[in-house]
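**Student:** Numbering (my numbering), first residue to last: 36 to 498. Backbone N, C-alpha and C fix where the C-beta goes; we use that ideal spot for every residue, glycine too. Handing you this structure, nothing more for now.
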């Protein structure tokens, strides 16, 4: 590739097809260059490989089938023809590898550049949080200054404080209350382990084995303990924090099990482990429990984890309302193919993208969701679709489903995604109005907020 090779360049001159000989090579700085081999004293033309696509689809009257390939850049296309098919295949294969390598280098460069730009402003942003926002958080949280600071991402060492204040503690949970339910869950786990060991003995009775194998004898909270055991190893698989004896595995188990005994009517549902994990990455165990309980107390989460299809369909209808208006071409494409929001949106909303996007991107989405509320999740979901751009418009049903259910496997530039989210216009007042109209259409209200002291007494009485 560096030494170069001669190819026949297929081109047009005054609309007539022509062929010319060109020497083509690849430079060490990931550029493809070409020039007339008889005029090597002249400066060669070039394109950056990170901006190119390599294909074997060449439309030219003089092209020979099986010998041609094209290198398409943003402003020009280099159509080339080799003498032998083996040469064509070699160059196509190697150039595609070079393009991938060039893209990786370019992404790393952009990340370093943006990280450097962000780092310059971090001290100033931290100063604004400490001096302007946090001393009067409730008065400042909806100001343009606070919104912009959250949009840029909360400084890591302040995230625990900001998230805790954003979520609040409407349920009035104390550390003592957490310790009580943690003790209940610990006792239940001990009893469950004893039952398991009894069932595993060689001389175990059929009754002991049947008791362990079945779950009908378990209360809702106790049955959830088995589900948690199965789900923990599948939480943030690429992070060693939460499984295989990781440093936060025990804390994650404590938070989830205590919640199961705090709300046995809800218990544990798959997806909760991602929410608790995100909190534990930024808070201590007790704070994470308080935040999780208050987060799940919202109508949005309880209806989703309880699989209340009426409430879920209402949220989908609100999403579809904004989807049709913000991305009309893509919306019509999805409708024509039968791509429905329930096939991808439920997973995004139930875990606040923790299962679907890279951790740094997810954390920044949480920064904004916890400040703004549910409307930001609709905006973020549409932003992900906008980030894909026209690629989805040229895909069929199967390809779209692969893309939308495997977003976590793609490289996502954080700033590019947030540029896409910024392009989506979903204000909180507009969202609330659309949601209210959907609730009224179903004959549903916002519901009465329970008295927390009464609820805590009721929960404690159960144990």
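1) So, with DSSP's three-state summary, where would you put residue 114?
2) Per DSSP, what kind of secondary structure is residue 374 in: helix, strand or coil?
3) DSSP three-state call for residue 119: helix, strand or coil?
4) Which value, in whole angstroms, describes the spacing of the CA atoms of residue 300 and residue 341?
5) Under a three-way DSSP split, which group does residue 93 fall into?
6) Taking the alpha-carbon positions, what's the residue 519 to residue 172 distance?
7) For the region 220-235 and the region 284-302, state whether three or more C-beta atom pairs, one from each stretch, are separated by less than 8 Å.
8) Would residue 399 and residue 466 qualify as a contact pair, given that the criterion is a beta-carbon distance under 9 Å?
9) Roughly how many angstroms separate the alpha carbons of residue 111 and residue 101, rounded to a whole number?
10) Tell me the rounded alpha-carbon separation between residue 44 and residue 63.
11) If you draw a straight line from the alpha carbon of residue 356 to that of residue 61, how long is it in whole angstroms?
12) Three-state secondary structure (DSSP) at residue 484?
13) Note down, in chain order, each residue of its chain lying with its Cβ closer than 6 Å to the Cβ of residue 105, except the 5 sequence neighbours on either side.
14) Need the endpoints of the alpha helix (DSSP H) that residue 296 sits in, please.
15) Go through its chain and collect everything with a Cβ distance to residue 41's Cβ below 8 Å, but skip five positions before and after it.
16) Can you list, in chain order, the residues of its chain whose CB lies under 6 Å from that of residue 137, leaving out five sequence neighbours each side?
17) How is residue 250 classed by DSSP in three states: helix, strand or coil?
18) On the criterion of 16 or more Cβ atoms from any shown chain inside 10 Å, does residue 435 qualify as buried, or is it exposed?
19) With which residues is residue 104 paired in a DSSP beta bridge?
20) Going by Cα to Cα distance, which pick from 396, 361, 374 is closest to residue 449?
21) Going by DSSP in three states, residue 441 sits in which element: helix, strand or coil?
22) For the alpha helix (DSSP H) that residue 415 lies in, which residues bound it at each end?
23) Between which residues of its own chain and residue 415 is the CB-CB distance below 6 Å, once the five residues before and five after are set aside?
24) Is the region 272-282 close to the region 190-210, with three or more CB pairs under 8 Å?
25) Once DSSP output is grouped into helix, strand and coil, what is the label at residue 519?
26) Secondary structure at residue 272, three-state DSSP: helix, strand or coil?
27) State the beta-bridge partners of residue 43 as determined by DSSP.
28) What residue does the beta strand (DSSP E) around residue 67 start on, and which one ends it?
29) Who are the near neighbours of residue 469 in its chain, counting only those whose CB is closer than 8 Å to its CB and skipping five residues on each side?
30) Give me the Cα-Cα distance between residue 458 and residue 39, rounded to the nearest whole angstrom.
31) For residue 282, collect the residues of the same chain with a Cβ closer than 8 Å to its Cβ; drop the 5 residues on either side in sequence, then sort them by chain order.
32) Report back the beta-carbon spacing between residue 185 and residue 392 to the nearest angstrom; my notes put them in contact at under 8 Å.
33) Tell me the DSSP secondary structure of residue 83 in three-state form.
34) Starting from residue 311, trace the alpha helix (DSSP H) both ways and give me its first and last residue.
35) Go ahead and label residue 309 buried or exposed: buried means 16 or more other beta carbons lie within 10 angstroms of its beta carbon, across all protein chains shown.
36) Using 9 Å as the threshold, is the C-beta distance between residue 168 and residue 402 below it?
**Tutor:** If we stick to the structure as given:
1) Counting from 1 along the chain shown, the entry for residue 114 is found at position 79. Strand, per DSSP.
2) Along the chain shown, one-based indexing puts residue 374 at 339. It is coil, neither helix nor strand.
3) Translated into positions along the chain shown, residue 119 becomes position 84. In the structure shown, residue 119 sits in coil (DSSP, three-state: anything other than H, G, I, E or B).
4) Within the chain shown, the letter at position 265 stands for residue 300. Within the chain shown, the letter at position 306 stands for residue 341. Taken atom to atom, the span from the alpha-carbon of residue 300 to that of residue 341 is near 9 Å.
5) If you number the chain shown from 1, residue 93 lands on position 58. Looking at residue 93 - three-state DSSP - the assignment turns out to be coil, as it is neither helix nor strand.
6) Any answer about residue 519 is impossible in this case: the structure gives the chain only from 36 up to 498.
7) Segments in contact, yes.
8) For the purposes of this step, residue 399 is identified with residue 364 of the chain shown, where counting begins at 1. For the purposes of this step, residue 466 is identified with residue 431 of the chain shown, where counting begins at 1. Result no, Cβ atoms of residue 399 and residue 466 do not sit closer than 9 Å.
9) For this step, residue 111 is matched to residue 76 along the chain shown. For this step, residue 101 is matched to residue 66 along the chain shown. CA-to-CA, the gap between residue 111 and residue 101 works out to about 22 Å.
10) Residue mapping note: residue 44 aligns to position 9 of the chain shown, counting from 1. Residue mapping note: residue 63 aligns to position 28 of the chain shown, counting from 1. Each residue's Cα considered, the two are about 23 Å apart.
11) Position 321 of the chain shown, counted from the start, is the residue given in the question as residue 356. Position 26 of the chain shown, counted from the start, is the residue given in the question as residue 61. About 49 Å.
12) Mapped onto the chain shown, residue 484 falls at position 449. Since pLDDT at residue 484 reaches only 43, below the 50 mark, its modelled position is unreliable, and the value read off the structure follows with that caveat. Coil at residue 484, not helix or strand.
13) For the purposes of this step, residue 105 is taken as residue 70 along the chain shown, with counting starting at 1. If you ignore the 5 residues before and after residue 105, its C-beta comes within less than 6 Å of the C-beta of 90, 93, 112, 114, all in its own chain and listed in chain order.
14) The sequence position of residue 296 within the chain shown is 261, counting from 1. Following the DSSP letters along the chain, one finds residue 296 inside the alpha helix (DSSP H) bounded by residues 284-297.
15) In the chain shown, residue 41 corresponds to position 6, counting from 1. Taking residue 41 as the centre and dropping the five residues before and after it, the same chain places the C-beta of 56, 57, 58, 59, 72 closer than 8 Å to its C-beta, in chain order.
16) Looking up residue 137 in the chain shown gives position 102. Within the same chain, residue 137 has close Cβ partners 65, 84, 85.
17) Within the chain shown, numbered from 1, the residue matching residue 250 stands at position 215. Confidence is the limiting factor: at residue 250 the pLDDT is only 47, short of 50, which leaves the residue's position unreliable and the question unanswerable from this model.
18) As a position in the chain shown, residue 435 is number 400, starting the count at 1. By the Cβ neighbour-count rule, residue 435 is buried, with 16 or more other Cβ atoms within 10 Å of its own.
19) On the chain shown, residue 104 is found 69 positions in, with the first residue counted as 1. According to DSSP, which records beta bridges pairwise, residue 104 is partnered with 115.
20) Within the chain shown, numbered from 1, the residue matching residue 449 stands at position 414. Considering only alpha carbons, the answer is 396.
21) Locating residue 441 in the chain shown gives position 406, counting from the first residue. It is coil, neither helix nor strand.
22) Translated into the one-based positions of the chain shown, residue 415 becomes position 380. Counting along the chain, the unbroken alpha helix (DSSP H) around residue 415 starts and ends at 409-423.
23) Counting from one through the chain shown, the residue named residue 415 turns up at place 380. Closer than 6 Å at the Cβ level, and outside the excluded window around residue 415, lie 400, 456.
24) Between the region 272-282 and the region 190-210, the count of Cβ pairs shorter than 8 Å is below three; the stretches do not touch.
25) The structure shown does not extend to residue 519, since the chain is modelled only from 36 through 498, so no value can be given for it.
26) In the chain shown, counting from the first residue as 1, residue 272 sits at position 237. Annotated three-state conformation of residue 272 is coil, per DSSP.
27) Translated into positions along the chain shown, residue 43 becomes position 8. In the DSSP output, where bridge partners are listed per residue, residue 43 has 56, 116.
28) Taking the chain shown and counting its residues from 1, one reaches residue 67 at position 32. Element bounds for residue 67: 66-70.
29) Working through the chain shown from its first residue, we reach residue 469 at position 434. Only residues of its own chain outside the window of five on either side were considered, and among them 353, 356, 357 have a CB closer than 8 Å to the CB of residue 469, listed in chain order.
30) To locate residue 458, count along the chain shown from 1; it is residue 423. To locate residue 39, count along the chain shown from 1; it is residue 4. About 44 Å.
31) By 1-based counting over the chain shown, the position of residue 282 is 247. 276.
32) As a first step, residue 185 is located in the chain shown; it is residue number 150 there, counting from the start. As a first step, residue 392 is located in the chain shown; it is residue number 357 there, counting from the start. Incorrect: roughly 17 Å between the Cβ atoms, too far for contact.
33) If you number the chain shown from 1, residue 83 lands on position 48. Shown here, residue 83 sits in a strand according to DSSP, grouped into three states.
34) Working through the chain shown from its first residue, we reach residue 311 at position 276. Counting along the chain, the alpha helix (DSSP H) containing residue 311 begins and ends at 307-315.
35) Stepping through the chain shown from its first residue, residue 309 is reached at position 274. In the assembly as shown, residue 309 is a buried residue. Its beta-carbon has 16 or more other beta-carbons within 10 Å.
36) Locating residue 168 in the chain shown gives position 133, where the first residue counts as 1. Locating residue 402 in the chain shown gives position 367, where the first residue counts as 1. It is not a contact, given that the beta carbons lie outside the stated cut-off.
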